[in-house]
Amino acid sequence: MTAIDQQRDDFVKPTTAFWQEILPAGHPAGDAAPPFRYGYPARLPDGRILVLPLRRLPDGNRAAASLIANQASFAVNDALAAVMAEHARERQAEVVIGMPTLGLVFAPKVAKLLNHPNYVPLGYSRKFWYREELSEPVRSITTPGAGKSVFIDPNLLPRLAGRRAVVVDDAVSSGTTLLSVLSLLGRLDCKPVGIVVAMRQSVAWRERLAARDQALPDLVRGVVAGPLFEWVPDGWMPIPGTLDEV
5 MTAIDQQRDD FVKPTTAFWQ EILPAGHPAG DAAPPFRYGY PARLPDGRIL VLPLRRLPDG
65 NRAAASLIAN QASFAVNDAL AAVMAEHARE RQAEVVIGMP TLGLVFAPKV AKLLNHPNYV
125 PLGYSRKFWY REELSEPVRS ITTPGAGKSV FIDPNLLPRL AGRRAVVVDD AVSSGTTLLS
185 VLSLLGRLDC KPVGIVVAMR QSVAWRERLA ARDQALPDLV RGVVAGPLFE WVPDGWMPIP
245 GTLDEV
């Protein structure tokens, strides 16, 4: 039994009311100081605030700030997508690729804001006309063993042909799923020029992407960021060096 298991869990609560509004810059929620209880005030580039719930990790003594896009309000997702579209525009994106599953919340919004007629969704569900060479295994701590695979519909390949592609996802954390998608795209006729996410969660993804290619971490742009936290008697304290501040 960990130290936190012996205490009342006063610092994590249901997420029902989270992800429903973007607070203005200067809102008192932004004045919260560590150790944090229940929520973490993540800042958008313009200073607005999105309070993210703290989720206790399986080890019991650490927590992460969480964003679940398909439980967020339309207003919140629209605000995040607007910033993501600006990042994609800076990369001169000609096509938007949506990563499953929650990246598909943002990818169509980003593509529409860029005035694209459509986008390219990837998926985990294999249709009978899909081809094995147009898939890539996804291995992560949440999918041990053989896990699952990410697929692209062969009918969508013409949308990618010779085009500058930006990959869109809800968050980047460990980076393993992203690397699988990049491996798949590396076999296709497109040029990935950017990776745009709503949230950068901790920094483990930087080292993992850099191990593949030193240039990859610099392709990532996000809207908000959150560190990892460790439990202390008064709440959750950010772990030094785990907040991506780029």
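Each number in our numbering comes from the position in the sequence shown (counting from 1) with 4 added on.
Each residue gets a CB set at the ideal place from its N, CA and C atoms; glycine is no exception.
Original post:
Excluding five sequence neighbours on each side, which residues of the same chain lie with their C-beta closer than 8 Å to the C-beta of Leu106?
Top reply: To locate residue 106, count along the sequence shown from 1; it is residue 102. Once the five neighbours on either side are set aside, the close Cβ partners of Leu106 are Ile72, Ala73, Asn74, Asp173, Asp174 and Ala175.
Original post:
Do Ala169 and Val197 have their C-beta atoms closer together than 8 Å?
Top reply: Start at 1 with the first residue of the sequence shown, and residue 169 comes out as number 165. Start at 1 with the first residue of the sequence shown, and residue 197 comes out as number 193. Against a cut-off of 8 Å, the Cβ pair of Val197 and Ala169 comes out as a contact.
**OP:** Would you tell me roughly how many angstroms separate the C-alpha atoms of Met5 and Leu61, rounded to the nearest one?
**Re:** Within the sequence shown, the letter at position 1 stands for residue 5. Within the sequence shown, the letter at position 57 stands for residue 61. Note that Met5 has pLDDT 41, beneath the 50 cutoff, so the model's placement of it is unreliable and no number is given.
Original post:
Expressed to the nearest angstrom, what Euclidean distance is found between the alpha-carbon atoms of Met241 and Glu25?
Top reply: The count along the sequence shown starts at 1 and reaches residue 241 at position 237. The count along the sequence shown starts at 1 and reaches residue 25 at position 21. Our two residues, Met241 and Glu25, have alpha carbons roughly 24 Å apart in a direct line.
Subject >> alpha helix (DSSP H) segments (min. 4 residues) lying fully within the segment 83 to 168 >> reply: 107 to 117 and 161 to 164
**OP:** Given a cut-off of 8 Å, decide if Val100 and Val114 are closer than it, judged by their beta-carbon atoms.
**Re:** Start at 1 with the first residue of the sequence shown, and residue 114 comes out as number 110. Start at 1 with the first residue of the sequence shown, and residue 100 comes out as number 96. In contact: Val114 and Val100 (Cβ atoms closer than 8 Å).
Original post:
Where does Pro104 land, buried or exposed, given buried means 16+ other C-beta within 10 angstroms?
Top reply: For the purposes of this step, residue 104 is taken as residue 100 along the sequence shown, with counting starting at 1. It counts as buried.
**OP:** Would you kindly report the start and end of the unbroken beta strand (DSSP E) that includes Glu249?
**Re:** Along the sequence shown, read from residue 1 onward, the residue named residue 249 stands at position 245. Going by DSSP, Glu249 is part of no beta strand (DSSP E) at all; its letter is neither H nor E.
Original post:
When you compare only the Cα positions, how much space is there between Thr146 and Lys152?
Top reply: As a position in the sequence shown, residue 146 is number 142, starting the count at 1. As a position in the sequence shown, residue 152 is number 148, starting the count at 1. Reliability of the predicted coordinates at Thr146 is poor, the pLDDT of 48 falling under 50, and the value obtained from them is presented with this limitation in mind. Each residue's Cα considered, the two are about 10 Å apart.
**OP:** Ignoring anything shorter than 3 residues or poking outside the segment 5 to 63, list the beta strand (DSSP E) runs there in chain order.
**Re:** DSSP runs (the beta strand (DSSP E)) wholly in the segment 5 to 63: 43 to 47 and 53 to 60.
Original post:
So is Asp248 buried or exposed if we call it buried at 16+ other beta carbons inside 10 Å?
Top reply: Locating residue 248 in the sequence shown gives position 244, where the first residue counts as 1. So Asp248 counts as buried.
Original post:
Three-state secondary structure (DSSP) at Ala219?
Top reply: Against the sequence shown, residue 219 aligns to sequence position 215. In this structure, Ala219 counts as coil in the three-state DSSP scheme.
Original post:
What are the partner residues of Ile199, as DSSP defines its beta bridges?
Top reply: The residue you call residue 199 lines up with position 195 of the sequence shown. Answer is Val171 and Val224, bridged to Ile199.
Original post:
Counting Cβ pairs closer than 8 Å, one from the segment 198 to 212 and one from the segment 118 to 136, do we hit at least three?
Top reply: no
**OP:** Just grab the DSSP bridge partners of Trp235 for me.
**Re:** Indexing the sequence shown from 1 puts residue 235 at position 231. In the DSSP output, where bridge partners are listed per residue, Trp235 has Trp240.
**OP:** Just mark Arg191 as buried or exposed, buried being the case when its beta carbon has 16 or more other beta carbons within 10 Å.
**Re:** Position 187 of the sequence shown, counted from the first residue, corresponds to residue 191. Exposed, since its Cβ has fewer than 16 Cβ neighbours within 10 Å.
Subject >> Per DSSP, cross-strand counterpart(s) of Gly230 >> reply: Walking along the sequence shown from the start, residue 230 turns up at place 226. Gln205, per the DSSP bridge assignment.
Subject >> Residues bridged to Ala68 [DSSP beta-bridge criterion] >> reply: One-based indexing of the sequence shown puts residue 68 at position 64. Residue pairing for Ala68: DSSP places it in a beta bridge opposite Arg59 and Leu232.
**OP:** Round the Cβ separation of Tyr211 and Arg66 to the nearest angstrom and send it over; I've been treating them as touching at under 8 Å.
**Re:** By one-based count along the sequence shown, residue 211 stands at place 207. By one-based count along the sequence shown, residue 66 stands at place 62. In the sequence on display, residue 211 carries Glu and not Tyr. Contact doesn't hold; Cβ gap of about 18 Å is too wide.
**OP:** Kindly list the residues whose CB is nearer than 6 Å to the CB of Arg95, restricted to its own chain and excluding five residues on each side of it in sequence; keep chain order.
**Re:** As a first step, residue 95 is located in the sequence shown; it is residue number 91 there, counting from the start. Sequence-distant Cβ neighbours of Arg95 in its own chain, meaning closer than 6 Å and more than five residues away, are Val170, Val197 and Gly198.
**OP:** Determine which residues share a DSSP beta bridge with Val4 and list them.
**Re:** Here the chain covers residues 5 to 250 and nothing more, so residue 4 does not appear.
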